[in-house]
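Encoded structure:
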């Protein structure tokens, strides 16, 4: 009945990471999220489908949306799929004032047989629950939400565009909906899922980006929430992005601390490849999950595929701290091989140069528009996403 | 026409603090916010007024609300006061996903002559514009918004409760309303103001609070946005608050860094009073505005009044860094005089003890429920707020 919270004694350290909430599993009256209770109301006014070349990321949406209300007394309500519509909320609702909001980004792909597939949605569900826990919003069974998303995909199947690089971007979102200005744990929430047909991030092959190494604005901090997919992490990054853009760069390369640790790029994780001149061995490096780094699904997939497929005698795959100075030094000595951002939207995004304190660090793009590993990794993931290759059940068919 | 941004060359350092946006003052077609264009639609269905003893902070609202839409092409639209109503927004609206949201907290008081007064609203307007600038939302003339708020107050005058400690809490809010999942500068926004009648924070005198000194979660950091009143700063603080509460404390005392610097308490600024045993002189201390501290209007008012009214030969008023260890040491030696939180909701909130790493630091409350200065400061501010005393035009009569 009441939301129960594990009683904790005082502990210094990463308490937030280990604290578990049990909000719905110990109660007889607070209902768990249950896909079997789904109610579907189909649109009577289907939208026209845009030509593929007119698709803009996140601008147009499918005919339907999924909604599930939650309240602290009764738990999760009946899931409902209904025609895409505005949300009507009291102006005192906590989502407008205190950023009780979090989201996920997933993609659905049409395979050769016409089936709709999602990629590692279980990882998104896991992360979404971690985000929810961190800002005292309710948790839920990820498998049940995946089943519901499958039903939305089947209903809006005609909106999933055909062809390599085309997909349906899925946006599960959880917001606090208590209508009260008190700053406290929301007792009402709404989980909703909308979906937007999208074209390839790069319409004609890769377009490598230039980054500005940013140390005057700081994206995340130990003890903060930079590892969670909270709305709170995004608005504060737009001004530094605008400033970098005014100075001719596409994105920020977020540095941390006096040491200049490399953390992320724009809204993506980031990978660098160094070569050891004495052994010729290459190292694929990304920042470790120390609480300041988003736990990217693409990041995780690249690490797993790289460890599995790159020859051990030629490659080392590392999650470790590294600095902008190490990158600069490697570039000067000819030991920087390539670099790329990694995220759901672009999968991989090759990097061509980094501006750092007025200097330019060139990053090699040996294939013209990307490095070799960047291109290889993109192809590995694409094949799994479009169901051309099976790998550890990472691709799920909606049915 | 276009939003113009000052062209900047690369500078290391606190660029964000000095960067100025000129979004509306250099354009012929982008309209500035103009109170003269106000349109009023009165309610035909007035709400019943709650008995004063049933008022709960931020739960019930007045008959009307103020709204002004903004878009990047045309600027600020016609201000509108209309019956309190839900907001209807597309589910892809950026306020739900990326925390494009900021707010202010102000109070209106009924004076002896029945006039409605606000307290230092110009400071709120100034801070609201700084918050807006930091997350790329539009700025506006603070005086015009104050004029509009005055009109709302006059219309909803009957909702301002009489009596000491009673007031109308005013919540100006600015949200990004672009309906698109792209993470970029919003091209649409909505400024709205709602108001909630509230009772005294302490219904029968002061109730001193116990704090948990928190170092495992970090509220704000250098290069972050902790000095702005953004929604993004609030949701992440609720879980640590819940955890402190489970351990028997009312609020978090937010520490920063290995040194254990004291920054804020809960959602308030914090003041400590130390006594120098060799001279007998007392020091009123609060953390300096270094980018991690909210620029509280109550904080500023207390500093100004204290510098003006406390005798120089007995008091020093300091904005300086100080640590939990200094507080602990002073408490042990008998040199800690009192401590209090400061914010719009409670004005001042006396502190009775601090839990730090399992130990208890007792804080003296010489008057039983508060220290002497705490009580004095509360009375100074109350008199100005209720118009019993004029001080530097801090109180504004709505007309």
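Residue numbers (full-length UniProt numbering), protein chains in the order written: chain A, 1 to 399; chain B, 1 to 399.
Glycine included, each C-beta is placed from N, C-alpha and C at the ideal position.
message: If you follow the beta strand (DSSP E) that residue 173(A) is in, where does it begin and where does it stop?
response: 167 to 176
field: Minimum Cβ-Cβ distance from residue 22(A) to chain B less than 8 Å
entry: In this predicted model, residue 22(A) has a pLDDT of only 39, less than 50, meaning its place in the structure is not dependable; the value taken from the coordinates is given anyway. It does not: the Cβ of residue 22(A) has no partner Cβ on chain B nearer than 8 Å.
- prompt: For residue 252(B) versus residue 314(B), is the C-beta spacing smaller than 8 Å?
  reply: no
message: Considering only their Cβ atoms, is the gap separating residue 142(A) from residue 125(A) smaller than 8 Å?
response: yes
message: Measuring CB atoms only, is the region 157 to 167 of chain B touching the region 256 to 265 of chain A, in the sense that at least three cross pairs come out at less than 8 Å?
response: no
query: Skipping 5 residues on each side, what residues in its chain have a beta carbon closer than 6 Å to that of residue 24(A)?
result: Confidence is the limiting factor: at residue 24(A) the pLDDT is only 41, short of 50, which leaves the residue's position unreliable and the question unanswerable from this model.
- prompt: With a cut-off of 8 Å, does the C-beta of residue 26(A) fall near any C-beta of chain B?
  reply: Caution is warranted here: a pLDDT of 45 is assigned to residue 26(A), below 50, making its placement in the model unreliable, and no coordinate value can be reported.
message: Please state the DSSP three-state secondary structure of residue 142(B).
response: helix
Bridge-paired residues (DSSP) for residue 83(A): 64(A)
- prompt: Does the beta carbon of residue 343(B) fall short of 7 Å from some heavy atom of the ligand FMN?
  reply: Within the structure as shown, the ligand FMN is missing, as the structure has no ligands at all.
- request: For residue 11(B), count neighbouring Cβ atoms within 10 angstroms of its own Cβ and tell me buried if that reaches 16, exposed if not.
  value: Summary for residue 11(B): the model assigns pLDDT 33, below 50, so the residue's position carries little reliability; its value from the coordinates is reported in the next sentence. Exposed, since its Cβ has fewer than 16 Cβ neighbours within 10 Å.
message: Just to make sure I have the definition right: I need the residues of chain A whose C-beta is within less than 7 Å of the C-beta of residue 99(B). Which are they?
response: 99, 101, 231, 232, 234, 235
message: When you compare the CB positions of residue 279(B) and residue 338(B), do they come within less than 8 Å of one another, or not?
response: no
message: Taking the beta carbon of residue 362(A) as the centre, do at least 16 other beta carbons fall within 10 Å, making it buried, or is it exposed?
response: exposed
- request: Round the Cβ separation of residue 200(A) and residue 226(A) to the nearest angstrom and send it over; I've been treating them as touching at under 8 Å.
  value: With 8 Å as the limit, residue 200(A) and residue 226(A) do not qualify as a contact, their Cβ atoms being about 29 Å apart.
query: If residue 209(B) and residue 366(B) are in contact, beta carbons under 8 Å, what's the gap, nearest whole angstrom?
result: With 8 Å as the limit, residue 209(B) and residue 366(B) do not qualify as a contact, their Cβ atoms being about 16 Å apart.
- request: Output the distance between the C-alpha atoms of residue 218(B) and residue 294(B), rounded to the nearest integer angstrom.
  value: 14 Å
- request: Sort 221(B), 207(B), 320(B), 312(B) by Cα distance to residue 352(B) and report the nearest one.
  value: 207(B)
query: Using the beta-carbon count (16 or more within 10 Å), is residue 114(A) buried or exposed?
result: exposed
field: For residue 353(B), the three-state DSSP class (helix, strand or coil)
entry: strand
query: Near residue 197(B), which residues of its chain fall below 6 Å by C-beta distance, leaving aside the five closest residues on each side in sequence?
result: 55, 159, 161, 168
- prompt: Closest to residue 310(B) by CA distance: which of 376(B), 186(B), 276(B) is it?
  reply: 376(B)
- prompt: In terms of residue numbering, what span does the alpha helix (DSSP H) encompassing residue 380(B) cover?
  reply: 372 to 385
query: If residue 306(B) and residue 317(B) are in contact, beta carbons under 8 Å, what's the gap, nearest whole angstrom?
result: 5 Å
Backbone secondary structure at residue 48(A) - three-state DSSP: coil
task: Express the C-alpha separation of residue 119(A) and residue 72(B) in angstroms, rounding to a whole number.
output: 37 Å
- prompt: Does DSSP classify residue 159(B) as helix, strand or coil?
  reply: helix
message: So if I threshold CB-CB distances at 9 Å, which residues from the region 63 to 91 of chain B count as touching chain A?
response: 65, 67, 84, 85, 86, 87, 88, 89, 90, 91
query: Taking the C-alpha atoms as reference points, what is the distance between residue 152(A) and residue 239(B)?
result: 32 Å
- prompt: By the criterion of Cβ-Cβ separation under 8 Å, what are the contact partners of residue 134(B) in chain A?
  reply: 236, 239
message: Assuming contact is defined by CB atoms lying nearer than 8 Å, are residue 370(A) and residue 384(A) in contact in what I supplied?
response: no
- request: Sort 247(B), 320(B), 91(B) by Cα distance to residue 270(B) and report the nearest one.
  value: 320(B)
Rounded C-alpha distance that separates residue 14(A) from residue 255(B): Here the model assigns residue 14(A) a pLDDT of 33, short of 50, so the residue's position is not dependable, and the following value carries that caveat. The alpha-carbon atoms of residue 14(A) and residue 255(B) are separated by roughly 15 Å.
task: Indicate whether residue 80(A) and residue 228(A) have their beta-carbon atoms separated by less than 8 Å.
output: no
Nonlocal neighbours in the same chain, by C-beta distance under 7 Å from residue 64(B), ignoring five residues either side: 43, 81, 82, 83, 84, 152, 155, 156
query: Is the distance from the Cβ of residue 381(A) to the Cβ of residue 301(A) below 8 Å?
result: yes
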